[in-house]
Amino acid sequence: MPELPTLKNVRVNVVGWLRAHTCQADGLLAAALLLSAPQVLWFGAASGPTRAAFAVVTVVLAATVLVRRRYPVAAFGVAAAIEAAQVTFGMQYAEAAPAFALRSTDADFAILVLLYTVAAHRPRRVSITVLMVCLLGSAVAITRWPPAHGAHAGDEVLRAAAWLGGVTLAAWVLGDSVAYRYQRTRYAVIEARAAQMEAERDAQERIAAAAERARELQERRAAVVDQSAARRRRIERDLHDGTQVRLAALAMMLGEIKENLQLAKGAADDDGHVRMLVSAAHRNAKEMLAELRDLARGIHPPVLDRGLAAALGSLADTVALPVEVDVRACERPSAAVEAIAYFCAAELLANMTKHSGASRGAISVIGSGGKVLMNVTDDGGGGAWLAPAAGSPGSANACRRSTGTSASTARPAVRPASRSSCPGGRDGAPPAHRDRRGRRDHARRPDPDPHPARP
């Protein structure tokens with residue numbers, strides 16, 4: 299058995315149809331006005347010209363209802379003028395002579411419809427003015443009503459005022475409630491649009507931050523390429539100026555030994571000369587091996603295979619002053635981070651030995667929160683000059699390549715210290731979020747040597 303529609307469902311459906319078909323709804327109202335006039339015009343006591351005038355008035359009222367949504371105030375003014383003429387001159391559809399009676403006419407119906415429209419589609423100050431005009435017109439109509447001038451007219455006047463005022467206020471309240479709901483919906487749409495614009499602005503800021511991040515990564519990538527080329531040139535220069543020269547000298551010594559052996563005839567002085575050449579060649583070979591070992595250690599120290607603590611301890615043993623090493627890490631960092639920490643410590647210890655005038659130093663490494671924090675301090679006098687491009691460029695750039703930070707403090711009367719921070723993950727990946735504090739604040743005096751010291 300199908301369920302019967304409830305009154306609420308019927309009302310919702312009717313209201314929905316009226317909102318979706320505004321032109322049809324206005325046409326129905328105008329048709330109602332036009333259909334209510336013929337029975338009064340044809341069967342009333344008015345003359346022919348008066349009936350024609352009333353027919354024109356009815357058509358004008360129907361036209362005001364048709365254009366009420368586009369021109370509500372103007373349409374109300376036309377209907378109010380017609381109603382004022384009826385009240386003033388006592389014109390009624392069914393009467394031949396002037397008759398001042400409180401009868402509902404087409405003008406009254408149009409006035410209520412237009413009052414509702416003005417309250418729903420215009421600001422409240424306009425709708426209140428229109429409401430005051432309607433109430434004033436009702437009061438004038440009551441004063442023109444003959445029963446209001448009788449001996450016992452109090453009850454009649456009160457009933458008429460309550461009826462006219464109640465109907466007028468009801469039409470205004472209905473229209474004003476529609477306007478209130480419309481304003482609430484409009485404000486909700488505006489708030490939703492503002493929230494959407496704010497979300498778009500946040501997205502644009504994130505895109506700009508991502509673009510800035512990409513630009514920084516591109517600059518770092520270019521810096522890494524330049525540093526790699528510089529390192530290759532340095533290795534080539536070291537090989538050319540050091541090992542190659544010694545190999546050439548060794549080859550010449552061995553060639554001279556060979557010639558002496560071929561020409562020697564057992565002379566004692568020749569044997570001594572040969573032994574001297576052999577001894578020099580042996581010494582050059584050992585020195586050449588030491589240089590090659592130092593060169594390989596500068597590329598990647600083998601001591602790092604035993605861990606960062608052992609590498610820093612071995613590095614501290616090569617320094618002329620006593621250095622205390624304290625490494626506390628929950629897990630071993632990646633090989634890249636260990637190498638960066640090792641070379642940073644090596645460069646800082648070299649600067650400590652050359653420039654600080656310290657009697658002792660300390661290296662502390664703490665691993666926490668997915669990062670490796672290394673502090674290098676000494677008891678020197680400080681006094682290094684501070685400049686944005688000065689200091690330990692190798693350590694700072696190494697930290698930047700791993701999206702870390704590097705900062706140094708070396709002011710007079712302040713204990714010199716250097717702090718470096720690198721991501722400590724096993725995969726060596728940078729953290730997902732990082733603020734833009736990767737710039738070096740200040741650093742020690744730059745190393746004047748063209749070839750940085752290696753331990």
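Sequential numbering from 299 applies to the sequence shown in the numbering used here. Glycine included, every Cβ here is placed at the ideal spot set by N, Cα and C. Everything numeric in this text was worked out from a predicted model, so none of it was measured.
Here's a check: name, in chain order, each residue in its chain whose Cβ is nearer than 7 Å to the Cβ of A578, leaving out the five neighbours to either side.
M551
Alpha-carbon spacing of L559 relative to K584, whole angstroms:
23 Å
Roughly how many whole angstroms lie between the Cα atoms of A618 and L606?
21 Å
Residue environment, I488, which counts as buried when at least 16 other CB atoms sit within 10 Å
exposed
Reducing DSSP to helix, strand and coil, say where P729 ends up.
With a pLDDT of only 37 at P729, under the threshold of 50, the placement of this residue in the model should not be trusted; the figure read from the coordinates follows. Here P729 sits in coil by DSSP.
Can you list, in chain order, the residues of its chain whose CB lies under 7 Å from that of A549, leaving out five sequence neighbours each side?
none
Find out if the Cβ-Cβ distance for the pair L333, A405 is shorter than 8 Å.
no
Residues bridged to S662 [DSSP beta-bridge criterion]:
D624, N673
Can you find at least 3 beta carbon pairs, one from the region 466–473 and one from the region 414–430, that sit closer than 8 Å?
yes
Going by the C-beta, is D324 closer than 7 Å to any heavy atom of the ligand MG?
No copy of the ligand MG appears in this structure; indeed no ligand is present at all.
Please work out which residues of its chain come closer than 8 Å, Cβ to Cβ, to L515, disregarding the five sequence neighbours upstream and downstream, and give them in chain order.
none
Can you confirm whether the region 457–467 touches the region 423–436 when touching is taken to mean that 3 or more C-beta pairs between the two stretches lie within less than 8 Å?
yes
Excluding five sequence neighbours on each side, which residues of the same chain lie with their C-beta closer than 7 Å to the C-beta of P600?
none
Look at the alpha carbon of P643 and the alpha carbon of A506, and state the distance between them as a whole number of angstroms.
The identity of residue 643 in the sequence shown is Ala, whereas the question assumes Pro. The alpha-carbon atoms of A643 and A506 are separated by roughly 36 Å.
Can the beta-carbon of C602 be found closer than 8 Å to that of V623?
Reading the sequence as shown, one finds Leu at residue 602 and not Cys. No, Cβ-Cβ distance for L602 and V623 is not below 8 Å.
Pairwise C-alpha distance: A528 and A741:
Unreliable placement is indicated for A741, whose pLDDT of 35 sits below 50; the coordinate value is still reported in the next sentence. Roughly 22 Å separates the two Cα atoms.
Inter-residue Cα distance where the pair is A439 and V385
6 Å
From V674 to L575, what does the alpha carbon distance come to, in whole angstroms?
47 Å
Cβ-based neighbour list, V327, same chain, cut-off 7 Å, excluding 5 preceding and 5 following
Looking at the sequence itself, residue 327 is Leu, so the reference to Val does not match. The answer, listed in chain order, is V363, V411.
A323 vs L331 beta-carbon contact at 8 Å
no
Starting from M430 and walking both ways along the alpha helix (DSSP H), at which residues does that stretch end?
422–441
Which residues in the same chain as Y640 place their Cβ atom closer than 8 Å to its Cβ, once the five residues preceding and following it in sequence are excluded?
P599, L602, L606, A609, L610, L613
Can you give me the Cβ contacts of G678 inside the same chain, cut-off strictly under 6 Å, excluding the 5 residues immediately before and after it?
S654, G655, A656, P714
What first and last residue would you give for the alpha helix (DSSP H) that runs through P370?
370–387
For a test of the three-state rule: what should DSSP assign to R479, helix, strand or coil?
helix
CA-CA distance, T320 and E503?
44 Å
Output needed for R724: all residues of its chain with C-beta closer than 7 Å, excluding positions within five of it in sequence on either side, in chain order.
With a pLDDT of 48 at R724, under the threshold of 50, the predicted position of this residue should be treated as unreliable, though the coordinate-derived value follows. So the list reads S632, once near-sequence residues are dropped.
Tell whether a beta-carbon distance below 8 Å holds between N582 and A634.
no
In whole angstroms, what separates the C-alpha of L646 from that of R544?
31 Å
Just the C-alpha distance for A437 and L467, rounded to the nearest angstrom, thanks.
14 Å
Is there a C-beta anywhere in chain D that falls below 8 Å from the one on V355?
This model lacks chain D altogether; it includes just one protein chain.
Using only the alpha-carbon positions, how far apart do K652 and A637 sit?
23 Å
Could you check if V355 is buried or exposed, using at least 16 other CB atoms within 10 Å of its CB as the buried criterion?
buried
Given this structure, state the Cα-to-Cα distance separating G375 from R366, to the nearest angstrom.
11 Å
For V625, I'd like the list of residues in its chain whose CB is within less than 7 Å of its CB, leaving aside the five on either flank, ordered along the chain.
L606, A607, L610, V663
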